[in-house]
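Protein chains in written order, with this note's numbering: chain A, 1 to 417; chain B, 418 to 834; chain C, 835 to 1251; chain D, 1252 to 1668.
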């Protein structure tokens, strides 16, 4: 018996039952402090304020996506496609690390903590650094991640409009929120995957599962990701960090802060910063949800009444009242509200903007200009899902819906309602 | 249409589907900052280091137990038992608040952060304070909680060896860990509940579900609550806080700390402290998991090599190696290990105790001396579960198993294995 | 304790956990031989030949729909709507009995066993007869069933485009087939139901669940109800009974048959027959899936080679090869196939029609001309779902898809494929 | 792409998601009429009269057990054990066919339809016949089935006290009844399987899952397999066939019967019969649940009042009242009941025995004299589960519980109750 085999690590997962780590290198990466850090970053940020079960982490999602990748590779191999051990490992590592660049609450804070550098770029920076540490053993994973490897379908498995990333997050977010709308048949879709001319396709028998996947994603957007109260909470968080930055900048005031958060919140960090200062990535890796929440809790007692009020509201879940509609809100309505708030809270106009504001959101949809979902018919003909489907026309599945929202404190809600 | 009724708040719950908050007072309590704080305290502390889904909070468990209480009351009413609206509300509030006194990681830290005061006592302190704030409307809830109300079965619903607290936590912990061993038929048990002579009983038809519940609890102890790696992580955390206290006390050294944590970690807090200083409860309410984790992350860079090593190990999930056995570990074995560790890490003997130590744990079992589980036979005869069951004798279900464990850093693991 | 209450019957249900029978009259009806007979009629006929778990019965579905009805009534009462005990009982009984008129494999055999009389009409005949037997206690249920009762919303709960019938069957069919596409949030939809101007509506918060329900139903049509192999099996069954009738009529040949099946298969039964001969309903009630399958098994050895071949094919699950497409199949293609089959099997042209044939199917969709799904916005405004939804236009959700199919024995499949 | 691979057949299964048939030979066997016949034999006989979802068939269970076998083989191979393709196929076929010898309602009818020949013996007869038909390709499967193959662990996978047969049926029976007591972690147990000295063992980490499995099986016995109402129904069925046989034998009376049922019900069939008449196996293969239920339905109108009353009671689910206790029922009590029944129904004493009778049942337990469950500790030491477990002593897990029951018509129930 090979002792190396016996060490194979198994994770308990309430969704798939068990997740097996396929090899030693993957296991070593998974144990790296930079990856373990994802245990402290929630996948859905503040969504747990609305769906109390939604506390799952980016660590758990990455494990889940890795599991689906190994299943997809098994499925393709069973259909006769050659995928070497190295390629399988590369694809597995690429999906495991695909989100390693996320910071805390990154959906809300992508532009507050770091600017002009996306989480994908930071993921690449981490991968490059890990590749040095692991003596080049991540090179193939990086090529697959960047879509520079000849077998394009490996990249499509991890990043296309029907990839294992999406399959896992829809399933996982449904499970932990309890919103059954997002349940997708990842099993069936993976069993129906095939490769034609180096393109990932889904066999015709799986078309209803693909349709369901598209619809499920659409519904999850409005029911969870863009849920009113989630938007309200995220905007509250953005405003808190904006105010904290403002205070810090203008008044040289001392704000309680963890060291890592201080560096990112009060410095001006962009892509170039990471390249100029190679230690910065390590500091970024020290940041997680705890830094943000701890600081906000302390700030509830700050002397700045805007900051303390905003923080108290978030900590006690006293979220903004939020209205959604298809048209922009009239300037007059916002101005009147702002006036009332200024008066009641004794704020100047600029400060009042922290308490009343309007913006808009729209859902992500199927985009014909990105890597498409292809359906393989029985006779070997490959079609875009929007052509193959009897149910879903391209106009329907690619239709973006935009909604405008208006936020203000609950105490200013019109009582007539 | 009654607008008050329409406001009835519904929570999404992945376990029960929906949880409806039964009335305005309960909803107000649920929105109180002291209750909202439970959103930031995980039910199972560090268990997520072993079962990555186990991130559910005390907030979520309290909601779940409240839901089961309303179901149990409905079930008893359907069987003809009179339970007034006030009594129902009292029982509901009592279960909602039963764990409000828990601090962060309280399973591990019950004696590190506060001493000589249990979480139950702190729960009562919170309830007393809330009763003042809510003008006496919690009085009945408090009497039920303290088992001072005439209808004893209401107390038994919330605190006995088959109460809604245990039903919810077994179900919830199973769900989020993915360990199916703990699944219990809470539905069936609640449908089979009845009251005889003011005692909560379970009708004979439900006996197999009760047996299953007892076994499930037993298995969850060893599979989850006392899982080796969980014990290892909890002991690491205890040692960290012990070292931090020690450093702070002896050397007046400045340790990064959130204000609330500082008060509890470095002060000597007991039951009397809360009574002497009425503001203390409010400060306790500011403490949650974030304070602990944030501080530990900062301490990874502390100059004390014991503290920084321990903290780094926890943050990077480099847990102690842990051995379990039925007999105590020989002193000689421990001494030899301590010697090696001292040498390698260059520590004095006392410091080495942070890295090698032995203790023991035992599971909680059915205890004939506590409020028993009673089975109602068809002819109206009431028996203890251990007499009514054909499968489980009292000797079996009340047998406590004690296990000894030995912890030390992984690098000292015997390589032969 | 009221002994009547204690008798309340509980059913184990893998979907809802438990189903409680609400009252004595409902329990008596449920125990009536005419209702118990539904235990022997599968909800999905021959679908288990494709999805082996799909063996659930009309009995089980009726229980499930009854359960959802009691939940819907509870939910509406909690919102302040007056529903008397009699009305609740009426609605419950009406849904319990709504499908009592189904015969075995009625989806396939509606026109083979009885003609010119629908299962709904037979349901009404049963209800009328039971009303006599139960001394008029079903009168209100019958009025609700026929939509003759003043509170129209009670009828809408049991028969509209978003009724408890559909909610249960989608959920149940998904569960037993394992096709997750059909999972609907019946809990959420029921919690969001309300009544405005005597019309059943769904509150805006539930709109995504309603959208999901419409999509789920659409996908279930193509994935399960109109699945190719299911169509193939059903057509085989229809042809078997057609041939049996033909043989019996023409040749006075003795065919093995259960007495009840003989009466319906070989007689000419229509609506008038039931009225003229009051004993006929009782004989119809003796028919179930067993009669059909038993007879077919015996017919596998019949001397008529068409009948025996068809029966052998069904019993051994040697189904027709079936092709589906959007356009009709060319007559030439069918004629050529028929010729080959005639030659190989030595049949005359008419006999060959049992082995090759083409027809078409289409899915049921949202129909604006039927009882619509109404959404209640926050301001009290009521809209049709197709207007309220951002995702689903009326053109999309009411689009019927028609598909043509061609069936022939597998041995004639073109080998090139 | 290998077209043979693409033909790989997938079954939808609500429990495992998908079940893949591993090879062509297995697929051919699965399509054989003798195996397809298991689609018409329910796994749990009349249990659906108590748990309405329990309609799953022996076909579905055999598929499920086959699925677990392929998973177990994968798991053992991953641990470095050599299992050739031929051996894997042999084990898979052996488990697929292990129950092929079951007749309809065989739990109840094992001694009514065939005597002195067990279903295992008939399974072997079928396998031998199939081996001829498939030109010897089942030889290895038969050797594994009979435990004549050198690698004993392959036999243990399919027939021991922790085999894939039991894992699947507990899981499946739990799923379809909705009784969560029987849920077992088949995934975890299979992942923890290993082989030491040609013996199947479970690694120590899986011990709690094994304990849970033993307890689950015990609870399923009393909650489902030996449920009072199930016992009542099965005894009613046994009495019906006994009476039918009696009538047929004594009076040469013509009873409606399907041809296959007639042969087995009215002939005297034992093991020798199958050997003497090689066509008998084919006739046995024509028998299924439909024959039995159809005949009973017709017999409800038979002129023998004992037979017609018994049949009517079964068809309308008017089961015997059944009492269970630990001691035998006093002869006097039974005699008094018999007298009353004789008088009321106007029967002779022998006829009355069909309506009142007593017998006993006992559950199956862990038996140290059969193939044991072995636990592999970390140091390579192998122990019996009863020694390795802290929770379950051998006395507890091997304790058989015997219960006596008394059956009689419900109308004779003492009304005082």
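Even for Gly, the Cβ is constructed at its ideal location relative to N, Cα and C.
Span of the alpha helix (DSSP H), counted from its first residue to its last, around residue i
i, result
"residue 739 of chain B", "Taken as a continuous stretch (DSSP letters only), residue 739 of chain B belongs to no alpha helix (DSSP H), being part of the beta strand (DSSP E) at 738-742."
"residue 109 of chain A", "106-109"
"residue 592 of chain B", "581-594"
"residue 1204 of chain C", "That residue, residue 1204 of chain C, is in no alpha helix (DSSP H); it is neither H nor E in DSSP."
"residue 1106 of chain C", "1105-1110"
Cβ of residue i within 8 angstroms of any chain D Cβ
i, result
"residue 18 of chain A", "yes"
"residue 836 of chain C", "Any reading at residue 836 of chain C needs caution, since the residue's pLDDT is 38, under 50, leaving its predicted position unreliable; the model's value is listed next. By this cut-off, residue 836 of chain C is not an interface position."
"residue 845 of chain C", "yes"
"residue 374 of chain A", "no"
Assumed close pair residue i, residue j - CB separation to whole angstroms, cut-off 8 angstroms
i, j, result
"residue 1063 of chain C", "residue 1153 of chain C", "6 angstroms"
"residue 1321 of chain D", "residue 1273 of chain D", "6 angstroms"
"residue 1021 of chain C", "residue 434 of chain B", "4 angstroms"
"residue 388 of chain A", "residue 190 of chain A", "Incorrect: roughly 18 angstroms between the Cβ atoms, too far for contact."
"residue 470 of chain B", "residue 14 of chain A", "5 angstroms"
Residue i at chain C interface by Cβ criterion, 8 angstroms
i, result
"residue 1426 of chain D", "yes"
"residue 1304 of chain D", "yes"
"residue 1310 of chain D", "yes"
"residue 398 of chain A", "no"
"residue 818 of chain B", "no"
"residue 413 of chain A", "no"
"residue 418 of chain A", "Look at the range of chain A in this structure, 1 to 417, and you will see that residue 418 of chain A is not part of it."
Chain A within 8 angstroms of residue i, Cβ atoms only
i, result
"residue 868 of chain C", "no"
"residue 1141 of chain C", "no"
"residue 1629 of chain D", "no"
"residue 1242 of chain C", "no"
Unbroken beta strand (DSSP E) run spanning residue i, endpoints
i, result
"residue 988 of chain C", "Premise fails: residue 988 of chain C lies in the alpha helix (DSSP H), 986-992, not in any beta strand (DSSP E)."
"residue 1225 of chain C", "No beta strand (DSSP E) holds residue 1225 of chain C; DSSP gives it neither H nor E."
"residue 1030 of chain C", "1027-1030"
Test: residue i CB closer than 8 angstroms to a CB of chain B
i, result
"residue 1021 of chain C", "yes"
"residue 6 of chain A", "For residue 6 of chain A, the pLDDT reaches just 43, beneath the cut-off of 50, and the residue's location in the model is therefore unreliable, although a value from the coordinates is still provided. Judged by the 8 angstroms Cβ criterion, residue 6 of chain A is not in contact with chain B."
"residue 1265 of chain D", "no"
"residue 985 of chain C", "no"
Item to check | Three-pair Cβ contact test at 8 angstroms for the stretch 299-317 of chain A versus the stretch 143-160 of chain A | outcome: no
Item to check | Segments assigned alpha helix (DSSP H), at least 4 residues, entirely inside the stretch 1470-1505 of chain D | outcome: 1479-1502
Checklist entry - Is the number of C-beta pairs between the stretch 221-241 of chain A and the stretch 1068-1078 of chain C that are closer than 8 angstroms three or more? => result no
Next on the checklist: Quick check on the DSSP output: what are the complete alpha helix (DSSP H) runs of length 4 or more inside the stretch 3-84 of chain A, in order along the chain?
Outcome noted: 3-6, 24-30, 33-36, 58-78
Checklist entry - Which runs of the alpha helix (DSSP H) spanning at least 4 residues fall entirely within the stretch 1129-1199 of chain C, listed in chain order? => result 1139-1149, 1165-1179, 1183-1186
Next on the checklist: Using a Cβ distance threshold of 8 angstroms, determine whether the stretch 449-458 of chain B contacts the stretch 701-708 of chain B, with at least three qualifying pairs required.
Outcome noted: yes
Item to check | contact_flag[the stretch 476-485 of chain B, the stretch 583-594 of chain B] where n(CB pairs < 8 angstroms) is 3 or more | outcome: yes
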